[in-house]
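J.: Take a look at this one; I'll ask things after.
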Amino acid sequence: MPFEPKTPAERIFCALDTTDPAAAAALAAKLKGTVGGIKLGLEYYCSTGADGFKAVAQTGMPIFLDLKFHDIPNTVAGAIRAVAPLAPKILTIHTQGGPEMMRRAAATAAEEAARLGVERPVVVAVTILTSLDGRDLNAIGVDHAVDDQVVRLAALADECGVDGIVCSPKEIRLVRAATREDFTLVVPGIRPAGSAVGDQKRVMTPKEAVDAGASVLVIGRPITEAADPAAAAKAIAASL
Ligand SMILES: O=c1ccn([C@@H]2O[C@H](COP(=O)(O)O)[C@@H](O)[C@H]2O)c(=O)[nH]1
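As structure tokens, then:
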């Protein structure tokens, strides 16, 4: 199930990395109509759980639940069953859980959504975090260049039947050449010109990422830390 946004704004999912459900719901409501959805991750879900998810979902915004499941196949399948009733639009696992885990994750997401009568989540697998560079990979014993390792993991994810991957904007063109046409590429590491890069190491501007072939742009701090987040989101969408 590819992710097919119809407008530039729909490509943008704003990452709300906070522990405060009221603040998250209020910001989601302000961003409605300026972005395609909201991404909730580990910081938010670990502190607020399913209730926090529902507080943001009640705004009517599509939710990308970014918990990056990385465990043995049986445990990841169980975690997917546990969050399936929330019906997230997009869900993340890790490619580094291996082929059997990715196959089980894709199959479980489909089976559980059908059983519950909810829309199946788009399951995407994280390749190499955008906060890592070649030296970091070497430090954890990976001797390939970042590009090569991302393409290798993306091709494996494609073979295993997941809907797409998470990669940095730097690898989009190479991944597109190595995967099926409707593969969903979810891309964090997005920085409008002049924005602080922070802990991200492989970044590009929103327009560069879309021109390269990104399906979804994940953008957090450049929107959430702006004086006027809705205006910042609108300016980014207009730049695409
Ligand atoms: O490789 C990855 C995977 C996930 N992320 C998440 O995206 C956002 C990015 O936020 P910014 O404030 O725009 O840096 C954040 O929630 C990460 O957990 C990522 O950055 N890289």
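As numbered in the working numbering, residues 1 to 240 make up the sequence shown, in order. A virtual CB, placed ideally from N, CA and C, is assigned to each residue, including glycine. Computed from a prediction, not measured in an experiment: that's the story for all the values here.
1. If I'm right that Val187 touches Cys167 with Cβ under 8 Å, what's the distance once you round it to whole angstroms?
2. What is the rounded straight-line gap between the Cα of Glu43 and the Cα of Asp66?
3. Under 6 Å from any heavy atom of ligand 1, does the C-beta of Leu129 make it?
4. At which residues does the beta strand (DSSP E) containing Thr92 begin and terminate?
5. Consider the C-beta atom of Pro206 and the heavy atoms of ligand 1; say whether any pair is separated by less than 6 Å.
6. Going by DSSP, what residue range makes up the alpha helix (DSSP H) through Gly41?
7. Does Asp66 come out as helix, strand or coil in the three-state DSSP assignment?
8. Looking at the structure shown, is Met101 part of a helix, part of a strand, or coil, going by DSSP?
9. Where does Leu132 sit, in a helix, a strand or coil, going by DSSP?
10. Return yes when the Cβ of Ile219 is within less than 7 Å of the Cβ of Cys46, no when it is not.
11. Can Ile219 be considered in contact with ligand 1, in the sense that its beta carbon sits closer than 6 Å to one or more heavy atoms?
12. Is any non-hydrogen atom of ligand 1 found closer than 6 Å to the C-beta of Pro192, if you look at the structure I gave you?
13. Less than 6 Å separating the Cβ of Gly121 from some heavy atom of ligand 1?
14. With three or more beta-carbon pairs closer than 8 Å as the criterion, would you say the segment 104 to 111 touches the segment 141 to 149?
15. May I ask you to verify whether the segment 80 to 94 touches the segment 117 to 131, counting CB pairs closer than 8 Å and requiring at least 3?
16. State buried or exposed for Gln200, treating a residue as buried only when at least 16 other CB atoms are found within 10 Å of its CB.
17. Would you say the beta carbon of Gln149 is closer than 6 Å to some non-hydrogen atom of ligand 2?
18. Apart from the five residues just before and just after Gly36, which ones in its own chain have a Cβ nearer than 7 Å to its Cβ?
19. In three-state DSSP terms, what is Cys160?
20. To the nearest angstrom, report how far apart Pro206 and Asp133 are at their CA atoms.
21. Straight-line CA distance for Arg176 to Leu27?
22. Heavy atom of ligand 1 less than 6 Å from the Cβ of Gln96, yes or no?
T.: A quick look at the data gives this:
1. In this structure Val187 touches Cys167 by the C-beta definition: roughly 6 Å separates them, less than 8 Å.
2. Their Cα atoms are separated by approximately 10 Å.
3. Yes.
4. Looking at the DSSP string, the run of the beta strand (DSSP E) that includes Thr92 is 90 to 94.
5. Distance from the C-beta of Pro206 to the nearest heavy atom of ligand 1 is not below 6 Å.
6. Premise fails: Gly41 lies in the beta strand (DSSP E), 37 to 41, not in any alpha helix (DSSP H).
7. Asp66 sits in a strand when the DSSP states are folded into three classes.
8. In this structure, DSSP gives Met101 a helical state, which the three-state scheme calls helix.
9. In this structure, DSSP gives Leu132 a state outside helix and strand, which the three-state scheme calls coil.
10. Ile219 is positioned such that its CB atom lies no closer than 7 Å to that of Cys46.
11. Under cutoff, so the answer is yes.
12. No.
13. It should be pointed out that residue 121 corresponds to Pro in this sequence rather than to Gly. Incorrect: Pro121 has no Cβ contact closer than 6 Å to ligand 1.
14. With a cut-off of 8 Å, the segment 141 to 149 and the segment 104 to 111 do not count as touching, because too few Cβ pairs lie within range.
15. Contact between the segment 80 to 94 and the segment 117 to 131 is present: 3 or more CB-CB pairs across the two stretches fall below 8 Å.
16. With 16 or more other Cβ atoms within 10 Å, it is buried.
17. What this structure holds is ligand 1, not ligand 2.
18. In chain order, Pro5, Ala9, Glu10, Arg11, Ile12, Phe13, Pro62 place their CB closer than 7 Å to the CB of Gly36, counting only its own chain and leaving out the 5 sequence neighbours on each side.
19. In the structure shown, Cys160 sits in coil (DSSP, three-state: anything other than H, G, I, E or B).
20. Roughly 20 Å separates the two Cα atoms.
21. When rounded, the separation of the alpha-carbon atoms in Arg176 and Leu27 is 33 Å.
22. Between ligand 1 and Gln96, a heavy atom-to-CB distance of less than 6 Å is absent.
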